[in-house]
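Novice: Per the UniProt record's numbering, the sequence shown starts with residue 1, numbered consecutively.
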Amino acid sequence: MKKGFLLVISGPSGVGKGTVLHDLMNTQKNLVYSVSATTRDKRDGEIEGVSYFYKSHDEFKQMIDDDQFLEYAHVHNNYYGTPKEFVENKINDGKIVVLEIDVQGAVNVKKNTDNAVFIFLAPPSLSELKNRIVGRGTETENDINLRMKNARRELEYIKYYDYLVVNDHINTAINSVNEIINAEKHKVFREEDFDIKEILDE
Ligand code: 5GP
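Printed below as a string of C-alpha cells:
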C-alpha cells in the first residue's frame with residue numbers, strides 16, 4: 001500500500017480555505033479531513049464533529065495534558081488543536097489527511113514530521129480579504145479587525161510553506177491545489193511498493 005501523508009493548508013481567515021477544501025474532498029480520492037477541537041463558539045450552520053469538536057477550556061486543557069494533540073495553537077483568542085490519534089490511524093491506512101490549521105500549527109507540524117506537504121492560500125489583496133470576511137457576516141466588528149490584523153502577520157509565514165496559491169478566482173485556486181496533490185502523490189519516495197523487477201522481468 002502507498003504511504004499516506006499530511007496535507008497542511010493555511011491562509012488568513014476568509015481566504016476561501018473552506019470552499020477549496022469542500023471541492024477537493026468531493027473530487028480527490030483518498031483524502032480525509034481532520035476535524036479539529038476548538039474552544040471557540042459554534043457558528044450558525046456548523047456541526048459538532050463535522051466542523052469542529054467544540055470543547056470548554058477545561059476539556060481542551062485536559063486533552064493537552066493527555067497528549068492528545070499532534071499540534072495546538074491559540075488563534076484569535078481561542079484554542080484550536082489537531083487530534084493525534086485520528087491522523088496517525090489514517091496515515092497508516094494510506095490516506096492523505098488534510099489539516100486546515102493556522103501558521104503556528106503548521107510550523108509545529110513541520111518540526112515534528114517529515115511526511116507533510118504545506119500549502120499557503122493567499123488573498124489577492126487585503127481589501128478583498130476584508131470584503132470576503134464582512135460578506136460572510138459571521139463575525140463581530142471587533143473580530144473582523146482582529147482577523148485582519150492576524151492576516152498581515154500570517155502572510156509573513158509564507159516562506160515556511162512548500163506551495164503558494166493565490167485565491168483570485170476560486171476555480172483556478174482549486175485546480176492548482178489539485179495539481180499539487182497529484183504531483184505529490186507521484187513522488188518517488190512515496191511509491192514504497194513499486195518494484196522495478198516487475199517491469200524488468202516482463
Ligand atoms: P475559524 O475560527 O475561522 O474556524 O478558524 C480560525 C483559524 O484557526 C483558522 O486559521 C484555522 O485554520 C485555524 N485552525 C482551525 N483548526 C486548527 C487546528 O487544529 N490547529 C491550529 N493550529 N489552527 C487551527
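Cβ coordinates follow ideal geometry from the N, Cα and C atoms, glycine included.
Among all the DSSP beta bridges, which residues are the ones paired with I96?
Specialist: F5, L31
Novice: Let's test the definition: count the other Cβ atoms within 10 Å of the Cβ of N167 and tell me whether it reaches 16, buried, or not, exposed.
Specialist: Its Cβ being crowded by 16 or more others within 10 Å, N167 is buried.
Novice: Is the segment 164 to 178 in contact with the segment 113 to 129, if contact means three or more CB pairs nearer than 8 Å?
Specialist: yes
Novice: How long is the line joining the alpha carbons of D66 and A73, rounded to whole angstroms?
Specialist: 16 Å
Novice: May I ask you to verify whether the segment 22 to 36 touches the segment 91 to 110, counting CB pairs closer than 8 Å and requiring at least 3?
Specialist: yes
Novice: Enumerate, from N- to C-terminal direction, the unbroken beta strand (DSSP E) stretches of 3 or more residues contained entirely within the segment 111 to 137.
Specialist: 116 to 122
Novice: Measuring straight from C-alpha to C-alpha, what distance separates N112 and F69?
Specialist: 12 Å
Novice: Note down, in chain order, each residue of its chain lying with its Cβ closer than 8 Å to the Cβ of K84, except the 5 sequence neighbours on either side.
Specialist: Here K84 has D67, Q68, F69, L70 as same chain residues with Cβ atoms under 8 Å from its own Cβ, once five neighbours each way along the sequence are excluded.
Novice: Quick check: does the Cβ of N142 come within less than 8 Å of any heavy atom belonging to ligand 1?
Specialist: no
Novice: Cβ-heavy atom distance between A122 and ligand 1 below 8 Å?
Specialist: no
Novice: Measuring straight from C-alpha to C-alpha, what distance separates D162 and V117?
Specialist: 7 Å
Novice: Any heavy atom of ligand 1 inside 8 Å of the beta-carbon of V75?
Specialist: At a cut-off of 8 Å, the beta-carbon of V75 counts as near ligand 1: some heavy atom of the ligand is closer than that.
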